[in-house]
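First up is the structure itself, then whatever we jot down about it.
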Ligand code: NAD
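Residue numbers (our numbering): 102 to 576.
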């Protein structure tokens, strides 16, 4: 979808999108080449000149209309997300709803972008600090939440006055293309929101290598984020990175963990574990370890692996073979180093799970910090649970490694929670609760989990440049 046209460009080849639940074809999109990517960036640059000058209220009104259209088309979008991601249908509906709500939220933020008049430096001068949009934004998104990761980027970029070229993941591009069509129907001017589809190493790379892109906002793996950062250095351009998690949970004795056990389990296996904020590893004080493990395993075994279109399914298939192999390699590594398998551990292949991408909730114990499941993000339904002698030990282990997205603390009192929270190098900390992050607070990571923030007014700030203007008032 470039400049309002969804044609088949001459430089493209076919990209077949498969349903991970069945292996069937969901649709075919073009894998576009360098010329089309260049045309998309040029079209967004042309559109930028008019878009940035629109009063924020008008930009907000477009965002509200797109949001409304998403809700009108929620059945179509949810079915697409279900089919291309393999996401259980209820969760697919939630994703569409929350993405539409995010666009609506950013419509409100558009009206709150302001400037400042700093203290006077001279009585003959007025000094103004204003915010201006950076220009054309490349928005590169992953497969696990194709619409909500896009809505974070699109909503804040359009609110700020930027135009966007989106590059969805090669496994899940169709929902993004449909959203771009809805945006056109909402009256969004041509070129304000373009989409280029294709593999990351080709289409994504052409986009990152394009000089016309003034900011890359990326959600995905740490290694791709590093590559985007390196390539962006050439243009000294802004980069926002939302990268991998490997989030720890700490469970101390005397904490209200029993009240939260369902949510801890849900957060461990949400989206079949393909979720950056998921609980990857759990450190439990030894006094309550056996009881915690028993409850956790019991709850995890209640989760239902099933076909994504079935409303009672908790875990659908993994999205693709690469993710499956990654999950299996982490389990093999752990067992090879002495871990014990408490539950799950092998892909399920009997009918109706013939696609070979179904993996049950998996719990590993007797784990050490040397194992990949504890050191790196698994990005699948696998959790390592370790018994530790004290809360201090738990904090020490939880803080190891290069990730810093989220930490979950279950502690006896708020003051202990606040003390531990201050030690955790992570972008978000939950104390004695777990729920979805709110729109009006920043979202992002410390350390290698990312650069910059999304959501909230802080997220919009990434798409703006500050300008200082000195105005003479005469003598
Ligand atoms: P990935 O990095 O392989 O792919 C993500 C996107 O980048 C895709 O669109 C892909 O086509 C594109 N891409 C790949 N190589 C590229 C290149 N050389 N140049 C330009 N674009 C390229 O990510 P993945 O492993 O499929 O996604 C899962 C990762 O995403 C996990 O690590 C997960 O934690 C992370 N994630 C983070 C957040 C967050 O908010 N922090 C949210 C969701 C997912």
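In this text, a Cβ means the ideal position worked out from N, Cα and C, and glycines have one as well. Predicted model only: the values in this text are computed from it and were never measured.
Asked	Found
Alpha-carbon spacing of residue 302 relative to residue 481, whole angstroms	23 angstroms
Nearest neighbour of residue 508, chosen from 369, 449, 423 [CA to CA]	369
beta-carbon residue 531 near ligand 1 non-hydrogen atom, thresh 8 angstroms	no
For residue 448, the three-state DSSP class (helix, strand or coil)	coil
Sheet register partners of residue 509 (DSSP bridge)	350, 531
Residue 410 CB to nearest heavy atom of ligand 1 below 8 angstroms	no
Same chain only: Cβ atoms within 8 angstroms of residue 286, ignoring 5 sequence neighbours per side	170
Assigned secondary structure, residue 153 (DSSP; H/G/I helix, E/B strand, else coil)	coil
Complete beta strand (DSSP E) runs within the region 218-272 (minimum length 3 residues, chain order)	226-234, 237-241, 264-268
Under the three-state DSSP convention, the category residue 390 falls into	helix
Spatially closest choice to residue 84 from 232, 389, 469, by CA coordinates	This structure leaves residue 84 out entirely; the chain is present only between 102 and 576.
Sub-9 angstroms separation of residue 158 and residue 201 beta-carbons	no
Residue 435 and residue 485 closer than 9 angstroms at C-beta	yes
Through-space distance from residue 107 to residue 98, alpha-carbon basis	It is not possible to answer for residue 98, since the shown part of the chain is limited to 102 through 576.
Outcome for residue 223 when other beta-carbon atoms lying within 10 angstroms are tallied against a minimum of 16	exposed
Any non-hydrogen atom of ligand 1 within 8 angstroms of residue 559 CB	no
Near ligand 1: residue 306 beta-carbon under 8 angstroms from a heavy atom	yes
Sequence-distant residues of the same chain with beta carbon closer than 7 angstroms to residue 571, five excluded per side	226, 228
Run of the beta strand (DSSP E) containing residue 571, from where it starts to where it stops	565-573
The region 420-433 contacting the region 395-402, beta-carbon criterion three pairs below 8 angstroms	no
Reference residue 249, options 313, 320, 177, closest by Cα	320
Below-9 angstroms beta-carbon distance, residue 547 vs any chain C residue	This model lacks chain C altogether; it includes just one protein chain.
CB of residue 383 within 9 angstroms of CB of residue 350, strictly	yes
Reduced DSSP secondary structure (H/G/I, E/B, other) of residue 196	helix
8 angstroms Cβ shell around residue 218 - same chain, five flanking residues per side excluded	227, 228, 229, 230
Same chain, Cβ closer than 8 angstroms to residue 442, neighbours up to 5 away in sequence not counted	432, 436, 463, 464, 465
Three-state secondary structure assigned by DSSP to residue 416	strand
Span separating the alpha-carbon of residue 166 from that of residue 179	18 angstroms
Delimiting residues of the beta strand (DSSP E) encompassing residue 485	483-489
Three or more C-beta pairs below 8 angstroms linking the region 236-245 and the region 130-146	yes
Distance between residue 408 and residue 119 (C-alpha atoms, nearest Å)	15 angstroms
Simplified DSSP state of residue 465, which is helix, strand or coil	strand
For residue 491 and residue 497, the rounded distance between their alpha carbons	10 angstroms
For residue 115, the residue or residues it bridges with in DSSP	131
Three-state class that DSSP yields for residue 370 in the structure shown	helix
C-alpha gap between residue 121 and residue 156, whole angstroms	43 angstroms
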